[in-house]
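Using this note's numbering, the letters of the sequence shown correspond one by one to residues 16 to 314.
All residues carry an ideal CB built from backbone N, CA and C; glycine is no exception.
Note that the structure is a prediction, hence the values are computed from the model and not measured.
These notes concern the structure reproduced below.
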Amino acid sequence: MEVLRLDHVTKRFGKHVAVNDVSAAVPGGCIYGVIGPNGAGKTTTLRMILNIFAPDEGTIRIFGEPHSEALKDRIGYLPEERGLYKKMKVVEVLLFFARLKGMSRPRALVEIARWLDRFDLGKWAKARTEALSKGMQQKVQFLATILPGPDLIVLDEPFSGLDPVNTNLMKDVLLELKREGKTILFSTHGMEVAEKVCDAVLMISRGKKVLDGPLEELLRSHGGDSIVLEYDGDGAALRGIEGIDRVNDYGKYVDVTLVPGFDPQRLLGALVGRVEVRRFETRRSSLTDIFLRLAGKDE
(Lines of atoms letter the chains of each structure in order from A and count residues from 1; the text may use other names and numbers.)
(Lines give C-alpha, C1' and ligand atoms only; values in the text may rest on other atoms or scores of the structure.)
Protein backbone atom coordinates (compact mmCIF):
# COMPACT_ATOMS: atom_id res chain seq x y z
CA MET A 1 0.00 0.00 0.00
CA GLU A 2 1.22 3.47 -0.94
CA VAL A 3 1.27 5.95 1.95
CA LEU A 4 2.63 8.97 0.10
CA ARG A 5 2.84 10.08 -3.54
CA LEU A 6 4.39 13.18 -5.06
CA ASP A 7 3.54 13.88 -8.70
CA HIS A 8 5.65 16.48 -10.55
CA VAL A 9 5.94 18.74 -7.51
CA THR A 10 7.59 22.15 -7.93
CA LYS A 11 8.12 24.96 -5.40
CA ARG A 12 9.54 28.41 -6.11
CA PHE A 13 10.57 31.24 -3.81
CA GLY A 14 10.74 34.26 -6.07
CA LYS A 15 13.12 33.34 -8.89
CA HIS A 16 14.68 30.48 -6.93
CA VAL A 17 13.34 27.02 -7.77
CA ALA A 18 13.75 25.09 -4.50
CA VAL A 19 12.09 21.88 -5.74
CA ASN A 20 11.87 21.17 -9.46
CA ASP A 21 9.40 18.62 -10.87
CA VAL A 22 9.96 15.92 -8.24
CA SER A 23 7.91 12.71 -8.31
CA ALA A 24 8.18 9.82 -5.84
CA ALA A 25 6.11 7.14 -4.14
CA VAL A 26 6.55 5.92 -0.56
CA PRO A 27 5.21 2.46 0.28
CA GLY A 28 3.67 1.80 3.68
CA GLY A 29 5.64 0.20 6.50
CA CYS A 30 9.07 1.25 5.28
CA ILE A 31 11.87 3.63 6.17
CA TYR A 32 12.29 6.09 3.31
CA GLY A 33 15.20 8.51 3.11
CA VAL A 34 15.20 11.89 1.38
CA ILE A 35 18.90 12.45 0.80
CA GLY A 36 21.00 15.14 -0.78
CA PRO A 37 23.53 17.89 -0.09
CA ASN A 38 22.77 20.95 2.03
CA GLY A 39 20.38 23.25 0.18
CA ALA A 40 19.18 20.49 -2.14
CA GLY A 41 15.48 21.03 -1.39
CA LYS A 42 14.96 18.27 1.19
CA THR A 43 13.33 20.43 3.88
CA THR A 44 11.13 22.23 1.33
CA THR A 45 9.95 18.84 0.07
CA LEU A 46 9.05 17.69 3.57
CA ARG A 47 7.24 20.94 4.31
CA MET A 48 5.13 20.56 1.18
CA ILE A 49 4.26 17.01 2.24
CA LEU A 50 3.07 18.45 5.57
CA ASN A 51 1.17 21.29 3.84
CA ILE A 52 3.32 23.94 5.52
CA PHE A 53 4.09 25.09 1.98
CA ALA A 54 1.72 24.54 -0.92
CA PRO A 55 3.40 23.34 -4.13
CA ASP A 56 3.26 25.76 -7.05
CA GLU A 57 2.81 22.83 -9.40
CA GLY A 58 2.02 19.15 -9.00
CA THR A 59 0.07 17.17 -6.42
CA ILE A 60 0.75 15.39 -3.13
CA ARG A 61 -1.44 12.62 -1.75
CA ILE A 62 -1.15 11.09 1.73
CA PHE A 63 -2.94 7.82 2.50
CA GLY A 64 -4.48 8.16 -0.96
CA GLU A 65 -5.99 11.60 -0.48
CA PRO A 66 -5.01 15.29 -0.46
CA HIS A 67 -3.74 16.75 2.80
CA SER A 68 -6.53 17.68 5.20
CA GLU A 69 -7.13 18.54 8.85
CA ALA A 70 -8.42 15.01 9.40
CA LEU A 71 -5.02 13.58 8.44
CA LYS A 72 -2.98 15.66 10.87
CA ASP A 73 -3.40 13.31 13.82
CA ARG A 74 -2.01 10.45 11.71
CA ILE A 75 1.24 12.33 11.03
CA GLY A 76 4.13 13.09 13.39
CA TYR A 77 6.68 15.74 12.45
CA LEU A 78 10.13 16.57 13.80
CA PRO A 79 11.27 19.85 12.19
CA GLU A 80 14.88 20.69 11.44
CA GLU A 81 14.65 23.79 13.63
CA ARG A 82 14.33 22.30 17.10
CA GLY A 83 12.02 24.21 19.42
CA LEU A 84 10.59 23.49 22.85
CA TYR A 85 8.83 25.68 25.38
CA LYS A 86 11.84 26.60 27.50
CA LYS A 87 10.06 27.23 30.81
CA MET A 88 7.95 24.07 30.69
CA LYS A 89 9.07 20.87 32.37
CA VAL A 90 9.92 17.91 30.17
CA VAL A 91 6.90 15.88 31.25
CA GLU A 92 4.64 18.90 30.74
CA VAL A 93 5.91 19.45 27.19
CA LEU A 94 5.41 15.82 26.25
CA LEU A 95 1.95 15.75 27.82
CA PHE A 96 1.00 18.94 25.97
CA PHE A 97 1.96 17.52 22.55
CA ALA A 98 0.35 14.16 23.30
CA ARG A 99 -2.94 15.81 24.27
CA LEU A 100 -2.84 17.92 21.08
CA LYS A 101 -2.87 14.66 19.12
CA GLY A 102 -5.83 13.32 21.05
CA MET A 103 -4.20 11.04 23.63
CA SER A 104 -5.95 10.73 26.97
CA ARG A 105 -4.04 12.09 29.94
CA PRO A 106 -3.73 8.72 31.77
CA ARG A 107 -2.46 6.89 28.70
CA ALA A 108 -0.11 9.72 27.81
CA LEU A 109 1.48 9.74 31.26
CA VAL A 110 2.10 5.98 31.10
CA GLU A 111 3.71 6.27 27.66
CA ILE A 112 5.75 9.32 28.67
CA ALA A 113 7.24 7.47 31.65
CA ARG A 114 8.09 4.48 29.44
CA TRP A 115 9.78 6.53 26.74
CA LEU A 116 11.67 8.79 29.15
CA ASP A 117 13.11 5.70 30.79
CA ARG A 118 14.03 4.23 27.39
CA PHE A 119 15.89 7.42 26.42
CA ASP A 120 17.59 7.79 29.83
CA LEU A 121 15.67 11.00 30.54
CA GLY A 122 13.66 9.85 33.57
CA LYS A 123 15.64 11.91 36.06
CA TRP A 124 15.04 14.99 33.90
CA ALA A 125 11.25 14.59 33.77
CA LYS A 126 10.60 17.56 36.07
CA ALA A 127 13.42 19.74 34.74
CA ARG A 128 12.70 22.71 32.52
CA THR A 129 13.65 22.04 28.94
CA GLU A 130 16.02 25.03 28.94
CA ALA A 131 18.18 23.12 31.45
CA LEU A 132 18.78 20.28 29.00
CA SER A 133 21.67 19.94 26.61
CA LYS A 134 20.94 20.29 22.91
CA GLY A 135 21.17 16.53 22.48
CA MET A 136 18.70 15.90 25.29
CA GLN A 137 16.32 18.53 23.90
CA GLN A 138 16.46 16.76 20.57
CA LYS A 139 15.55 13.47 22.22
CA VAL A 140 12.60 15.12 23.98
CA GLN A 141 11.34 16.57 20.71
CA PHE A 142 11.72 13.20 19.00
CA LEU A 143 9.65 11.61 21.77
CA ALA A 144 6.99 14.30 21.32
CA THR A 145 6.85 13.30 17.64
CA ILE A 146 6.41 9.55 18.13
CA LEU A 147 4.53 9.50 21.45
CA PRO A 148 0.96 9.68 20.02
CA GLY A 149 1.66 6.76 17.67
CA PRO A 150 1.32 8.43 14.25
CA ASP A 151 1.08 6.22 11.16
CA LEU A 152 3.43 8.47 9.14
CA ILE A 153 6.49 9.86 10.93
CA VAL A 154 8.32 12.70 9.15
CA LEU A 155 11.75 13.60 10.53
CA ASP A 156 13.94 16.41 9.21
CA GLU A 157 17.63 15.62 9.92
CA PRO A 158 16.77 13.56 13.05
CA PHE A 159 20.35 12.42 13.73
CA SER A 160 21.93 15.87 13.51
CA GLY A 161 23.90 16.69 16.66
CA LEU A 162 23.42 13.31 18.34
CA ASP A 163 26.38 11.35 19.70
CA PRO A 164 26.95 7.78 18.43
CA VAL A 165 25.18 6.20 21.43
CA ASN A 166 21.99 8.21 20.93
CA THR A 167 22.17 7.89 17.15
CA ASN A 168 22.17 4.13 17.60
CA LEU A 169 19.29 4.32 20.09
CA MET A 170 17.18 6.41 17.72
CA LYS A 171 18.01 4.03 14.87
CA ASP A 172 16.82 1.07 16.97
CA VAL A 173 13.55 2.85 17.79
CA LEU A 174 12.91 3.68 14.13
CA LEU A 175 13.39 0.02 13.21
CA GLU A 176 10.97 -1.01 15.98
CA LEU A 177 8.37 1.47 14.70
CA LYS A 178 8.79 0.09 11.19
CA ARG A 179 8.16 -3.44 12.50
CA GLU A 180 4.95 -2.11 14.06
CA GLY A 181 3.81 -1.03 10.58
CA LYS A 182 4.67 2.66 10.81
CA THR A 183 6.05 4.51 7.80
CA ILE A 184 9.10 6.67 8.52
CA LEU A 185 10.22 9.41 6.16
CA PHE A 186 13.39 11.27 7.08
CA SER A 187 15.80 13.66 5.43
CA THR A 188 19.54 13.48 5.86
CA HIS A 189 22.83 14.30 4.20
CA GLY A 190 24.43 11.45 6.19
CA MET A 191 24.72 8.67 3.65
CA GLU A 192 26.06 6.05 6.09
CA VAL A 193 22.98 6.19 8.31
CA ALA A 194 20.66 6.20 5.30
CA GLU A 195 22.35 3.13 3.82
CA LYS A 196 22.07 1.25 7.12
CA VAL A 197 18.38 1.82 7.83
CA CYS A 198 16.53 2.88 4.66
CA ASP A 199 14.48 0.52 2.52
CA ALA A 200 14.25 3.12 -0.25
CA VAL A 201 15.61 6.61 -0.94
CA LEU A 202 14.94 9.72 -2.96
CA MET A 203 18.11 11.61 -3.87
CA ILE A 204 17.71 15.32 -4.61
CA SER A 205 20.35 17.76 -5.79
CA ARG A 206 19.67 21.43 -6.56
CA GLY A 207 15.96 20.79 -6.31
CA LYS A 208 15.90 18.02 -8.92
CA LYS A 209 15.44 14.31 -8.42
CA VAL A 210 18.67 12.45 -9.17
CA LEU A 211 17.32 8.97 -8.48
CA ASP A 212 14.80 7.13 -6.32
CA GLY A 213 13.68 3.61 -5.57
CA PRO A 214 14.47 0.60 -3.37
CA LEU A 215 17.96 1.00 -1.91
CA GLU A 216 19.30 -2.42 -2.91
CA GLU A 217 18.20 -1.91 -6.52
CA LEU A 218 19.89 1.50 -6.63
CA LEU A 219 23.12 0.10 -5.20
CA ARG A 220 23.13 -2.63 -7.84
CA SER A 221 22.22 -0.43 -10.80
CA HIS A 222 24.21 2.71 -9.96
CA GLY A 223 27.08 1.24 -7.99
CA GLY A 224 30.27 -0.14 -9.43
CA ASP A 225 33.41 -1.55 -7.89
CA SER A 226 35.29 0.54 -5.38
CA ILE A 227 38.76 -0.11 -4.09
CA VAL A 228 40.19 0.57 -0.64
CA LEU A 229 43.84 1.25 -1.39
CA GLU A 230 46.82 1.70 0.92
CA TYR A 231 50.20 2.27 -0.65
CA ASP A 232 53.66 3.74 -0.20
CA GLY A 233 54.66 6.27 -2.77
CA ASP A 234 53.59 9.51 -4.39
CA GLY A 235 49.81 10.02 -4.58
CA ALA A 236 50.35 11.60 -7.99
CA ALA A 237 50.79 8.03 -9.27
CA LEU A 238 47.00 7.68 -9.35
CA ARG A 239 46.54 10.57 -11.76
CA GLY A 240 45.65 9.69 -15.28
CA ILE A 241 45.18 5.96 -14.68
CA GLU A 242 42.50 4.49 -16.91
CA GLY A 243 39.29 3.36 -15.24
CA ILE A 244 39.38 5.67 -12.20
CA ASP A 245 36.21 7.73 -11.80
CA ARG A 246 36.91 9.35 -8.43
CA VAL A 247 39.56 9.27 -5.68
CA ASN A 248 38.61 10.12 -2.11
CA ASP A 249 41.76 10.61 0.00
CA TYR A 250 41.49 9.89 3.74
CA GLY A 251 45.17 10.39 4.49
CA LYS A 252 46.03 6.85 5.62
CA TYR A 253 44.22 5.28 2.68
CA VAL A 254 42.20 6.23 -0.39
CA ASP A 255 38.82 5.10 -1.72
CA VAL A 256 38.98 4.66 -5.48
CA THR A 257 35.68 4.50 -7.36
CA LEU A 258 36.03 2.78 -10.71
CA VAL A 259 34.17 3.51 -13.92
CA PRO A 260 31.27 1.00 -14.06
CA GLY A 261 32.40 -2.22 -15.72
CA PHE A 262 36.12 -1.56 -15.36
CA ASP A 263 38.08 -4.62 -14.14
CA PRO A 264 39.76 -3.92 -10.75
CA GLN A 265 42.65 -6.21 -11.75
CA ARG A 266 43.53 -3.78 -14.54
CA LEU A 267 43.91 -1.04 -11.93
CA LEU A 268 46.12 -3.28 -9.80
CA GLY A 269 48.27 -4.03 -12.83
CA ALA A 270 48.60 -0.32 -13.61
CA LEU A 271 49.73 0.41 -10.03
CA VAL A 272 52.50 -2.19 -10.03
CA GLY A 273 55.79 -0.42 -10.56
CA ARG A 274 54.33 3.00 -9.67
CA VAL A 275 53.72 2.49 -5.95
CA GLU A 276 54.17 -0.25 -3.34
CA VAL A 277 50.66 -1.57 -2.69
CA ARG A 278 50.04 -2.57 0.95
CA ARG A 279 46.28 -3.11 0.72
CA PHE A 280 44.00 -3.58 -2.26
CA GLU A 281 40.45 -4.44 -1.21
CA THR A 282 37.51 -4.60 -3.60
CA ARG A 283 34.09 -3.63 -2.24
CA ARG A 284 30.69 -2.71 -3.60
CA SER A 285 30.12 1.01 -4.08
CA SER A 286 28.33 2.55 -1.12
CA LEU A 287 25.52 5.07 -1.13
CA THR A 288 28.18 7.69 -0.31
CA ASP A 289 30.09 6.75 -3.47
CA ILE A 290 26.94 7.02 -5.59
CA PHE A 291 26.01 10.30 -3.90
CA LEU A 292 29.43 11.84 -4.61
CA ARG A 293 29.33 10.69 -8.21
CA LEU A 294 25.79 11.80 -9.02
CA ALA A 295 24.86 14.62 -6.61
CA GLY A 296 28.38 15.88 -6.01
CA LYS A 297 28.64 17.11 -9.58
CA ASP A 298 26.05 19.78 -8.90
CA GLU A 299 27.64 21.33 -5.84
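- Looking from the CA of residue 27, the closest CA among 37, 239, 228 belongs to 37.
- If you look at residue 93, you'll find it in the beta strand (DSSP E) that goes 90-93.
- Close CB contacts of residue 224 within its chain, under the 8 Å cut and outside five residues either way in sequence, are with 36, 37, 38, 39, 217, 218 (chain order).
- If you draw a straight line from the Cα of residue 297 to the Cα of residue 136, it comes to about 43 Å.
- If you look at residue 144, you'll find it isn't in any beta strand (DSSP E); DSSP assigns it neither H nor E.
- Assignment of beta-bridge partners to residue 76 by DSSP yields 20.
- With respect to the 8 Å criterion, residue 164 and residue 44 are not classified as neighbours on the basis of their beta carbons.
- Sequence-distant partners of residue 65 (beyond 5 residues in either direction) whose C-beta falls short of 8 Å from its own C-beta, in its chain, are 82, 90, 92, 169.
- Residue 245 is bridged by DSSP to 294.
- Cβ-Cβ distances below 6 Å link residue 309 to 225 in the same chain, with the five nearest sequence neighbours on each side left out; the list follows chain order.
- By the criterion of a C-beta distance shorter than 8 Å, residue 142 is surrounded in its chain by 104, 105, once the five residues flanking it on both sides are discounted.
- In this structure, 94 is the residue among 52, 42, 94, 72 with its C-alpha nearest to the C-alpha of residue 61.
- Only exposed fits residue 280, as fewer than 16 other CB atoms lie within 10 angstroms of its CB.
- With a beta-carbon spacing of about 14 Å, residue 46 and residue 166 fall beyond the 8 Å limit used to define contacts.
- At the C-beta level, residue 41 and residue 78 stay beyond 8 Å of one another.
- Distance from the CA of residue 54 to the CA of residue 288, rounded to the nearest whole angstrom, comes to 44 Å.
- Around the C-beta of residue 236, fewer than 16 other C-beta atoms lie within 10 Å, and the residue is accordingly described as exposed.
- Contact between residue 48 and residue 203 holds, since their C-beta atoms are separated by about 6 Å, short of 8 Å.
- Non-local C-beta neighbours of residue 291 in its own chain, meaning closer than 7 Å and more than five positions away in sequence, comprise 246, 247, 248, ordered along the chain.
- One alpha carbon belongs to residue 304, the other to residue 228, and they sit about 17 Å apart.
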